[in-house]
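Take a look at the structure set out below.
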Amino acid sequence: MKGTAGAAFGRHAVLAALGLVMGSAGLNPVFAQSGPAPQNWMHPGGIIARWQLNVFHVSLAIVLTVAAVVSVLLIYTLWKFRDRSYRPGLERKADPAGLPPQIDGNHTLEIIWTVIPVILLVVLAVPTVRTNYLLASPPPSDPIPVRVIAYQWWWAFEYPEHGVVTANELRIPVGKPVQLTFESNDVIHKFWVPQLAGKMDVIPGRINQSWLQADREGVFYGQCAELCGPSHAHMRLRVIAQPEHEFEAWIASYGREPQPRSEAEAAAFHRGMEIFAARGCSACHTIEGTVFQGKVGPNLTGFGSRMTVGAGIMSNTRENLARWVTNPGALKPGVMMPAHDLSREEQDALVTFLHSL
Ligand code: CUA
Numbered sequence: 112m113k114g115t116a117g118a119a120f121g122r123h124a125v126l127a128a129l130g131l132v133m134g135s136a137g138l139n140p141v142f143a144q145s146g147p148a149p150q151n152w153m154h155p156g157g158i159i160a161r162w163q164l165n166v167f168h169v170s171l172a173i174v175l176t177v178a179a180v181v182s183v184l185l186i187y188t189l190w191k192f193r194d195r196s197y198r199p200g201l202e203r204k205a206d207p208a209g210l211p212p213q214i215d216g217n218h219t220l221e222i223i224w225t226v227i228p229v230i231l232l233v234v235l236a237v238p239t240v241r242t243n244y245l246l247a248s249p250p251p252s253d254p255i256p257v258r259v260i261a262y263q264w265w266w267a268f269e270y271p272e273h274g275v276v277t278a279n280e281l282r283i284p285v286g287k288p289v290q291l292t293f294e295s296n297d298v299i300h301k302f303w304v305p306q307l308a309g310k311m312d313v314i315p316g317r318i319n320q321s322w323l324q325a326d327r328e329g330v331f332y333g334q335c336a337e338l339c340g341p342s343h344a345h346m347r348l349r350v351i352a353q354p355e356h357e358f359e360a361w362i363a364s365y366g367r368e369p370q371p372r373s374e375a376e377a378a379a380f381h382r383g384m385e386i387f388a389a390r391g392c393s394a395c396h397t398i399e400g401t402v403f404q405g406k407v408g409p410n411l412t413g414f415g416s417r418m419t420v421g422a423g424i425m426s427n428t429r430e431n432l433a434r435w436v437t438n439p440g441a442l443k444p445g446v447m448m449p450a451h452d453l454s455r456e457e458q459d460a461l462v463t464f465l466h467s468l
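Shown next, in the form of structure tokens:
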């Protein structure tokens with residue numbers, strides 16, 4: 112029994128060590144599908160994340176230098192002043208005469224170990240304070256305003272200048288700053304897209320602000336970083352940075368009525384729409400360009416173009432969406448959306464309808 116427990120502990124220790132090594136090497140197996148470690152903040156994708164990484168590099172250099180100097184001095188002292196009279200098995204001599212000279216009250220030493228840390232702290236303070244001012248200052252050019260509203264457990268993104276509302280996937284043009292304001296609908300959440308910017312608290316009754324900018328195209332992974340309830344870990348998001356013309360095209364296509372490509376698709380679409388209304392989906396969800404204007408759950412306009420279902424937890428495939436609409440609570444504990452008892456035919460029609468958006 113003891114041996115088995117020991118072996119299990121050993122296995123876990125090896126796995127943990129392996130995970131640590133792979134994680135730091137950017138090879139996290141969880142994200143194998145989406146490239147190496149998409150939440151690795153040491154590979155910044157925007158100017159804010161780069162400023163923050165610079166501060167980290169300066170502090171890391173100082174900390175490592177201090178650690179190296181102190182370690183060398185410590186090892187030297189331990190070796191040089193070791194008790195040479197000691198032999199294993201012999202009784203120790205209690206001879207005060209064998210002690211090294213006592214040097215408390217050495218002014219030169221005290222001045223040195225006061226002045227050096229002061230210099231180090233000043234060197235560290237300059238980039239830290241400078242970066243804090245940079246982060247608090249407005250972006251260099253006209254930003255796109257976006258309202259971020261956190262819900263248990265998903266994100267709403269509103270583009271007031273464009274009349275666009277979406278959920279869990281924030282689309283932004285590459286190279287343009289985006290001004291974010293953060294509000295919470297319920298409890299404290301935290302917005303974090305590691306490769307674009309550090310964490311920002313999202314607090315009920317308060318509006319926080321920050322801006323970010325992506326310097327390269329790509330999908331940047333983010334998540335809520337404040338424990339906010341049973342599905343905190345399922346409160347994920349993506350920032351999709353795309354060329355400006357693609358972003359403009361996405362804005363222009365928003366809320367346009369879907370165009371079925373065949374008779375059969377049109378029939379499935381209308382059947383899905385019926386189910387969406389009859390099963391009460393429309394009480395919570397808005398779809399622009401239709402009569403559905405519910406305000407409780409995520410806005411589903413353009414849902415067909417989203418990458419994921421359930422705030423980033425699964426890819427947006429037909430099977431996953433069918434699983435989600437029939438029993439979301441099994442995939443996301445505590446979710447507000449109720450389960451729906453749908454026949455195979457109803458599931459198919461509803462999924463076709465949602466994917467056509
Ligand atoms: Cu929202 Cu954790």
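In terms of this note's numbering, the sequence shown is residues 112 to 468. Cβ coordinates follow ideal geometry from the N, Cα and C atoms, glycine included. The structure presented is a predicted model; accordingly, all values stated were derived computationally and were not measured.
Practice problem: Would you grab the beta carbon distance between P315 and V298 for me? Rounded to a whole angstrom, and I think it's under 8 angstroms. | Solution: Their Cβ separation, rounded to whole angstroms, is 7 angstroms, which keeps P315 and V298 in contact under 8 angstroms.
Quiz item: From the DSSP output, which residues share a beta bridge with Q320?
Solution: T292.
Quiz item: For W265, which residues does DSSP report across the bridge?
Solution: Within the DSSP bridge table, the entry for W265 names Y262 as partners.
Self-check item: For R161, the nearest candidate out of L468, T242, N431, V402 (CA to CA)
Solution: Each of L468, T242, N431, V402 was checked against the Cα of R161, and the nearest Cα belongs to T242.
Quiz item: Buried or exposed: which applies to V237, given that a residue is buried once 16 or more other Cβ atoms fall within 10 Å of its Cβ?
Solution: V237 is exposed by the Cβ-count criterion.
Quiz item: Quick one, which of V436, L171, A379, L281 has its alpha-carbon nearest Q334's?
Solution: Check the Cα spacing between Q334 and each of V436, L171, A379, L281: the tightest is with L281.
Quiz item: Three-state secondary structure (DSSP) at A441?
Solution: Note: A441 maps to helix in three-state DSSP.
Quiz item: Does the distance from the C-beta atom of A460 to that of R390 stay below 8 angstroms?
Solution: Cβ distance not < 8 angstroms, so A460 and R390 don't count as in contact.
Exercise. Can you tell me which of the three DSSP states E280 falls into?
Key: The answer is strand: DSSP assigns E280 an E or B state.
Self-check item: V407 (DSSP reduced to helix, strand or coil)
Solution: DSSP places V407 in coil when its eight states are reduced to three.
Quiz item: Does any heavy atom of the ligand CUA sit closer than 7 angstroms to the C-beta of M346?
Solution: Result yes, Cβ under 7 angstroms from the ligand CUA.
Exercise. Within 10 angstroms of the Cβ of L465, are there 16 or more other Cβ atoms? Answer buried if so, exposed if not.
Key: Under this definition L465 is a buried residue.
Quiz item: Since Y332 is in the beta strand (DSSP E), which residue starts that stretch and which ends it?
Solution: Unbroken beta strand (DSSP E) run through Y332: 329-335.
Quiz item: Whose C-alpha, out of Q290, G309, I318, is nearest the C-alpha of N296?
Solution: N296 has its Cα closest to that of I318, out of Q290, G309, I318.
Practice problem: Look up A394 in the DSSP assignment and say whether it is helix, strand or coil. | Solution: Taken through DSSP and simplified to helix, strand or coil, A394 comes out as helix.
Quiz item: From what residue to what residue does the alpha helix (DSSP H) around H300 run?
Solution: Per DSSP, H300 belongs to no alpha helix (DSSP H); it is in the beta strand (DSSP E), 300-304.
Quiz item: Do the CB positions of H396 and G408 come within less than 8 angstroms of each other?
Solution: The answer is yes: Cβ separation under 8 angstroms.
Quiz prompt | Three-state secondary structure assigned by DSSP to M163 | solution = It should be noted that the sequence gives Gln, not Met, for residue 163. The answer is helix: DSSP assigns Q163 an H, G or I state.
Practice problem: Label Q213 either buried or exposed according to how many other C-beta atoms from any shown protein chain fall within 10 Å of its C-beta, with 16 as the threshold for buried. | Solution: Exposed, by the Cβ-count rule.
Quiz item: For L281, is the beta carbon positioned less than 7 angstroms from some heavy atom of the ligand CUA?
Solution: Distances taken from the Cβ of L281 to the heavy atoms of the ligand CUA include none shorter than 7 angstroms.
Practice problem: Return yes when at least one heavy atom of the ligand CUA lies under 7 angstroms from the C-beta of E294, else no. | Solution: No - the ligand CUA has no heavy atom lying nearer than 7 angstroms to the Cβ of E294.
Quiz item: Considering only residues of the same chain and omitting the five flanking positions on each side of H59, which have a CB-CB separation below 7 angstroms?
Solution: Given that the chain is displayed from residue 112 to residue 468, the structure contains no residue 59 and the question cannot be resolved.
Quiz item: Among residues of its own chain, excluding the 5 on either side of L291, which ones have a beta-carbon nearer than 6 angstroms to its beta-carbon?
Solution: Closer than 6 angstroms at the Cβ level, and outside the excluded window around L291, lie V257, V259, S321.
Self-check item: Pair within 8 angstroms by beta-carbon distance, V275 and Y365
Solution: Note that the C-beta distance between V275 and Y365 is below 8 angstroms.
Practice problem: Answer yes or no: do T412 and L338 have a C-beta to C-beta separation smaller than 8 angstroms? | Solution: Judged by their CB atoms, T412 and L338 are not nearer to each other than the 8 angstroms cut-off.
Exercise. Verify whether the separation of the beta carbon atoms of L453 and T428 is less than 8 angstroms.
Key: Going by C-beta atoms, L453 is not nearer than 8 angstroms to T428.
Practice problem: Below 8 angstroms on the Cβ atoms is my guess for G387 versus F403; work out the distance and round it to an integer in Å. | Solution: Per the sequence shown, the amino acid found at residue 387 is Phe instead of Gly. Indeed they touch by this definition, with Cβ atoms about 7 angstroms apart.
Practice problem: Evaluate P305 with the Cβ neighbour count: other Cβ atoms within 10 Å of its Cβ, from every protein chain shown; 16 or more gives buried, anything less gives exposed. | Solution: Buried, by the Cβ-count rule.
Practice problem: For Q263, count neighbouring C-beta atoms within 10 Å of its own C-beta (all shown protein chains included) and say buried if the count is 16 or more, exposed if not. | Solution: Its Cβ being crowded by 16 or more others within 10 Å, Q263 is buried.
Quiz prompt | Through-space distance from F302 to A267, alpha-carbon basis | solution = Computed Cα separation, rounded: 12 angstroms.
Quiz prompt | Alpha-carbon to alpha-carbon, P254 and A422 | solution = Rounded to the nearest angstrom, the two C-alpha atoms are 26 angstroms apart.
Quiz item: Which of the three DSSP states, helix, strand or coil, is assigned to I424?
Solution: I424: coil per DSSP, three-state reduction.
Practice problem: Could you check the C-alpha separation between L235 and S393 for me, to the nearest Å? | Solution: Between L235 and S393, the C-alpha separation is close to 55 angstroms.
Self-check item: Q150, enclosing alpha helix (DSSP H) - first and last residue
Solution: That residue, Q150, is in no alpha helix (DSSP H); it is neither H nor E in DSSP.
Quiz item: Taking the alpha carbon of E456 as the point to measure from, which residue in H343, L307, E385 has its own alpha carbon closest?
Solution: Shortest Cα-Cα distance from E456 to any of H343, L307, E385 involves E385.
Exercise. Could you please give the first and the last residue of the uninterrupted alpha helix (DSSP H) stretch that includes A377?
Key: Residues 374-389.
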